[in-house]
Structures are given as structure tokens and as C-alpha cells.
Amino acid sequence: MPKFLHTSIFVNDMNESIEFYTKKLGLKLLDGPYHYPGNADMAFVGSDWNAYIELVYDLEEHPPYAIGNRYEHLALEADGDLSAYVDRLKSEGVKILKDVYTSPSGTRAIAFVEDPNGIPIELLEPRKRENLS
Numbered sequence: 282m283p284k285f286l287h288t289s290i291f292v293n294d295m296n297e298s299i300e301f302y303t304k305k306l307g308l309k310l311l312d313g314p315y316h317y318p319g320n321a322d323m324a325f326v327g328s329d330w331n332a333y334i335e336l337v338y339d340l341e342e343h344p345p346y347a348i349g350n351r352y353e354h355l356a357l358e359a360d361g362d363l364s365a366y367v368d369r370l371k372s373e374g375v376k377i378l379k380d381v382y383t384s385p386s387g388t389r390a391i392a393f394v395e396d397p398n399g400i401p402i403e404l405l406e407p408r409k410r411e412n413l414s
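In our numbering, the protein residues as written are 282 to 414.
Right, here's the structure in full:
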């Protein structure tokens, strides 16, 4: 059965994007950045290789990237208390799009922040264990 591996996003500044995803959101730099002359710079961030984000800086001349009208958001699960995580992000100057609130299903807390490229990031508190009895 196929499984989800990664999503790839174009970034306007590779170093700024790596810093945001690693130092602010807390993901690891899994590999890169790599420079492919005439093509692109690429780096990979995530908690592991089971699901990660491929950061791509296109080396061809182009205007800064804008969010496409079909792109919605990335989603990350916080490691621990979501409110404390979002408070730390605020103190580091991360743009908060929607502060912590209860998800429409009422099952967990959720918030939205913005990465340096204007991409919305959905942050979710860890999923509560289901009562299996």
C-alpha cells in the first residue's frame, strides 16, 4: 500500500526557511541543503524520513513566490503542550494567523502560524489516546 512521504514547497530564502522549520518549529534538518547548479537548492526537514518537507529554492530568475490558489496549508503535530509551543513561537516573532482554539470536531487544540514564505502551518496538539475498552 502506498504511504505519504513528503510535500515540497518553493521557498524565497533557503537559510531563513531552514531556520524557521528547525529552530522555531523544532523539526530536524534531515539532509542538505544541496546546490544543484542551474536547477535548484534543496533541503529536507522533518522529525524523521517517514514524513518530511522538501524545501526548494529555484535558481532560475523569477519573481518571489506567491501562494497558489489551490494550496491550503501544512500541518504539524506539536510535541507536548500546544499553548506553550505557540507562546514560544510568539516570543520568537513568528506570525500567528490564529491563536490556539478548539478544533471544529472538539477533539483537540489547534493553531495556525505562517512560515517566512507566507505558507500557513496548522499546529495541532498531540492526539489523545482512544479509549479502547
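All C-beta atoms in this analysis are idealised placements derived from N, C-alpha and C, irrespective of residue type, glycine included. Quick caveat: nothing in here was measured; it's all calculated off a predicted structure.
Assumed close pair residue i, residue j - CB separation to whole angstroms, cut-off 8 angstroms
i, j, result
"Leu355", "Ile402", "5 angstroms"
Cβ pair residue i, residue j closer than 9 angstroms
i, j, result
"Val367", "Val326", "no"
"Lys309", "Ser289", "no"
"Leu357", "Leu405", "yes"
"Gly307", "Asp360", "yes"
"Ser364", "Val381", "yes"
Beta strand (DSSP E) segment containing residue i, residue limits
i, result
"Val394", "390–395"
DSSP three-state assignment for residue i, whether helix, strand or coil
i, result
"Ser328", "strand"
"Phe291", "strand"
"Ile377", "strand"
"Glu297", "helix"
"Asn398", "coil"
"Tyr302", "helix"
"Ala315", "Note that residue 315 is Tyr in the sequence shown, not Ala. Strand."
Alpha-carbon spacing of residue i relative to residue j, whole angstroms
i, j, result
"Ile334", "Ser384", "24 angstroms"
"Ala321", "Tyr346", "14 angstroms"
"Arg408", "Ala392", "14 angstroms"
Unbroken alpha helix (DSSP H) run spanning residue i, endpoints
i, result
"Leu370", "363–372"
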